[in-house]
Amino acid sequence: MTFKKRFVVLFLSVQVVLSADWWGICTPTEICALEGTTVELQCSFTYPPTQDGRETSVEKRVWFINGQNNHPEDLMLDPEYFGRLQSDCHGDRCNLTIADLRQSAVYKFRFTTNHPIKGSYTILPGVNVTVTDLRVQVFPGYSRKDMKCLSRCSAWPASSYIWYRNGEEIQNANSQEYSVEYYSKDSYSCAVRGHEHAASPPVCVYGSCHQVVYDKRRICALEGSSVDITCSYSSGGYIMSKFWFRPDRSHMWKNPSIPEDLMSDPQYAGRLQFLSVPYGRWTLKIKNVKASDSAQYRFKFTIYGLEWRSILPGSILTVTAVQVQVMAVRVEPSHVVAQLVCHTQCRPEHPMSFEWWQNGEKKFTAAAGPKLEVSLYPGEYVTCAGNSINSPRLYALSRPSVYLSDAAEILEGRPLTLNCSTNVSASPKHRWYKKRHSNDEVLGEDPELVFNSIKSSDSAEYWCTVENQLGKKTSETVFIDVQYAPKFCLVSVGTSCEVRKGASVNLTCSSDANPEAKYMWFKTNGDLKVSSESIMNLTNVQPSASGEYYCVASNSRGRCNATVWLQVEASPMMAAAFGGSVAVVVLVVLALAAFLVLRKKSPSNKCRESSESKAQSDGAPNCGNTSSKEEEDLVYSKVSFTKSPDGPIYSNVTPAPHRRLMHVEEDEVEYTTVKSADHVSGLKPQEGADVSELYSTVQKHHN
214 MTFKKRFVVL FLSVQVVLSA DWWGICTPTE ICALEGTTVE LQCSFTYPPT QDGRETSVEK
274 RVWFINGQNN HPEDLMLDPE YFGRLQSDCH GDRCNLTIAD LRQSAVYKFR FTTNHPIKGS
334 YTILPGVNVT VTDLRVQVFP GYSRKDMKCL SRCSAWPASS YIWYRNGEEI QNANSQEYSV
394 EYYSKDSYSC AVRGHEHAAS PPVCVYGSCH QVVYDKRRIC ALEGSSVDIT CSYSSGGYIM
454 SKFWFRPDRS HMWKNPSIPE DLMSDPQYAG RLQFLSVPYG RWTLKIKNVK ASDSAQYRFK
514 FTIYGLEWRS ILPGSILTVT AVQVQVMAVR VEPSHVVAQL VCHTQCRPEH PMSFEWWQNG
574 EKKFTAAAGP KLEVSLYPGE YVTCAGNSIN SPRLYALSRP SVYLSDAAEI LEGRPLTLNC
634 STNVSASPKH RWYKKRHSND EVLGEDPELV FNSIKSSDSA EYWCTVENQL GKKTSETVFI
694 DVQYAPKFCL VSVGTSCEVR KGASVNLTCS SDANPEAKYM WFKTNGDLKV SSESIMNLTN
754 VQPSASGEYY CVASNSRGRC NATVWLQVEA SPMMAAAFGG SVAVVVLVVL ALAAFLVLRK
814 KSPSNKCRES SESKAQSDGA PNCGNTSSKE EEDLVYSKVS FTKSPDGPIY SNVTPAPHRR
874 LMHVEEDEVE YTTVKSADHV SGLKPQEGAD VSELYSTVQK HHN
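To convert, count from 1 in the sequence shown and add 213; that's the numbering used here.
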């Protein structure tokens, strides 16, 4: 519960309790506050760090109003305060916030250390909280009557007061006193700004007046019981209509600003009854009350010339359930021993009788009272009954189990649901975990963990926990292994892209797959199956090894493929080094002469620039993976020379056809050009395909 700090009037006095060993103080020691407001109490304490040679530490802190100083009754377990307290303790300081004040009391604080004899201390005198309400006092006069807003607390600043006439706020009436005409037929009430919900009951200045007074500001009822809400009213005229309504149900009305009779609300169908008691009183009976009936209820009437539409609070109904709360629990190897209390959010008007049930059998009589100590084994439960209204079951949890919606193989892209199941019908708090590297990742707090489309990255260990007031249990770990077809097929070359004749080269095929992929290599020129390993080693490569190689990765879920182009050319003959050098010089001279002739015949500088640009663009061969799209082939010129015995040297220049690489003499240097493709048309992955069938597919594709 979130508490809002509200304005209160405090009277402070300090009393410090001292001794040779310890001391404590609560501030303030006196508080006066309006009913329904919020207050905060604060106590600080100290104690000797060691006693009788042993180190001292605080083990328990208790706020209480009942019981002896040395046997306090923990206020946090008092049904009257359930849901209205918040305790915040740090070190030697402990604060208590009380919301919706209802009764005056002396609040005391007691702390207990680990010393077996001198370890418990109560800070006295505690904090005396006085809860007050407002009332209007009318003073007699001649032509006018004076009124004053009074309480048991000191007066608030004049600007803090608000006055109401017939339930509607009077503008600019900001004083503790207010004066009206002697014969006024209106009713008046007052409040403190910020605490309008704690306004005084309306009073008549002269004789009877228009007013509505509720018998009880607050009513508590057990779920399933019946409750009566009664008010007294006077009108000074003939009443044309009257009914009860709920301000918070305005969204159900035809006009949100015009209240409607609760009898027409479908939430109360068959459960409402109006009881006409002696004139001037009207009772609303609600049968079989539910938690959703908790609300504020107001009465409205209409006479000729007046419609009572007070904004002052009516009767507030709180519907509470009977619950079992754990005060303490001790975990044994085979069971738990729990100290329990049967409680409600508020205390009903009638005295409550209690019964205890274990595993559906009545084990303890009403003499046991609201408290009980019991042993529970996994799967056993206990309930209590207050005034014959039963509480939900409180289970000793068993170890949960994780069940999968699909017990067969888990395939990527398909839905999957993990269910955390226990052997108890009452739903405890669930939590899902995933092992992520060295950390445990929290995924959710629902009984089911749902994957709408599971991914390969979801493969991991999973487990769940269940928890209630009696402890926490953890399931066994379940490993989710998501299977998927090979993807991201890639071919890599293990050496430099320049592989000379007679050298060795490794072609490696890799992919991401689960189950692990199997690999097959194919060579398309000749349609030969070369290897069945992911790494294909080619040794002493010869020009005949040139060609296109296909790698296919396959598992039971599908396949993917990649392509690599390999071209091998011959190495130079070192035995003709000297003669070859002379030949090279001659060829260079002849090539230079041919170049000059061509340049002379060029039609323009633009052509020369084009030729030069072409020469610059013809770079080294590409190495590595490529796409399946064919790159543009290089275009070269074939140059041949003839020599006449009697004439000069001439050159004949003829265009050569498009080729992938320049054609040279047999004993020129040859290089390897490697290309790859992500896929080849006709070899698209098909789920469940057998690798052994791919050989014929490759043949058909390249014929």
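Heads up, the beta-carbon is just placed ideally off N, CA and C, and yes, glycines get one too.
Between the alpha carbons of Val440 and Gly493 lies a distance of about 20 angstroms.
A straight-line Cα-Cα distance of about 51 angstroms links Leu585 and Tyr401. Between the alpha carbons of Leu363 and Pro660 lies a distance of about 56 angstroms. As summarised for the region 519-551, there are no continuous alpha helix (DSSP H) elements at least 4 residues long confined to that stretch. Contact fails between the region 357-375 and the region 504-518, because fewer than three Cβ pairs, one in each stretch, are under 8 angstroms apart. In the DSSP assignment, Arg323 falls within the unbroken beta strand (DSSP E) covering 318-326.
Per DSSP, the beta-bridge partners of Ala508 are Leu530.
The alpha carbon of Asp313 has as its nearest neighbour, out of Pro561, Ser421, Thr250, the alpha carbon of Thr250. Contiguous beta strand (DSSP E) elements confined to the region 576-641 occur at 584-589, 594-599, 614-617, 629-634, taking only those with 3 or more residues. Within the same chain, and ignoring the five residues on either side of Glu622 in sequence, the residues whose Cβ sits closer than 8 angstroms to its Cβ are Gln696. For Ile452, the enclosing beta strand (DSSP E) begins and ends at 452-458. Closest option to Ala775, judged by alpha-carbon separation, among Thr259, Gln755, Phe701, Val425: Phe701.
The C-alpha of Pro460 is placed about 19 angstroms away from the C-alpha of Tyr446.
Glu268 and Asn727 have their C-alpha atoms roughly 60 angstroms apart. In the displayed model, Ser463 falls within a helix according to three-state DSSP. Within the model, the alpha-carbon separation for Cys444 versus Thr496 is close to 7 angstroms.
Under DSSP, Glu761 forms a beta bridge with Trp778. Beta-bridge analysis with DSSP links Ser705 to Thr721. For Met733, the three-state secondary structure derived from DSSP is strand.
Ser588 and His548 do touch by the CB rule: their CB atoms are close to 5 angstroms apart, below 8 angstroms. Secondary structure at Tyr481: helix, using DSSP grouped into helix, strand and coil.
Here Glu248 is not near Asn341, since their CB atoms are 8 angstroms or more apart. When Glu680, Lys668, Tyr763, Ala698 are compared, the shortest CA-CA separation from Ser705 is found for Tyr763.
Minimum Cα-Cα distance from Ser566 among the listed residues Ser356, Asn572, Cys555 corresponds to Cys555. Inclusion of Val418 and Val351 in the CB contact set at 8 angstroms is warranted, their separation being smaller than that value. When rounded, the separation of the alpha-carbon atoms in Ser257 and Asp305 is 6 angstroms. Within its own chain, the residues whose Cβ lies closer than 6 angstroms to the Cβ of Asn665, once the five positions on either side in sequence are excluded, are Pro628, listed in chain order. Between Leu610 and Gly657, the CB-CB gap reaches or exceeds 8 angstroms. Counting only residues of its own chain and dropping the five nearest sequence neighbours on each side, Gly592 has a CB closer than 6 angstroms to the CB of Ser611, Asn636.
Separation of Thr737 and Ser670 (C-alpha to C-alpha, rounded to the nearest whole angstrom) is 36 angstroms. Out of Gln255, Pro605, Ser477, His464, the CA that lies nearest to the CA of Pro641 is found in Pro605. As summarised for the region 379-461, there are no continuous alpha helix (DSSP H) elements at least 4 residues long confined to that stretch. Relative to Gly380, the option among Lys361, Pro338, Pro415 whose CA is nearest is Pro415. Taking all protein chains shown into account, Lys513 has 16 or more neighbouring C-beta atoms within 10 Å of its C-beta and is therefore buried. In the DSSP annotation of this structure, the continuous segment of the beta strand (DSSP E) that includes Ala673 starts and ends at 673-681.
Residue burial is scored here from C-beta neighbours: Ile452 has fewer than 16 other C-beta atoms within 10 angstroms and is therefore classed as exposed.
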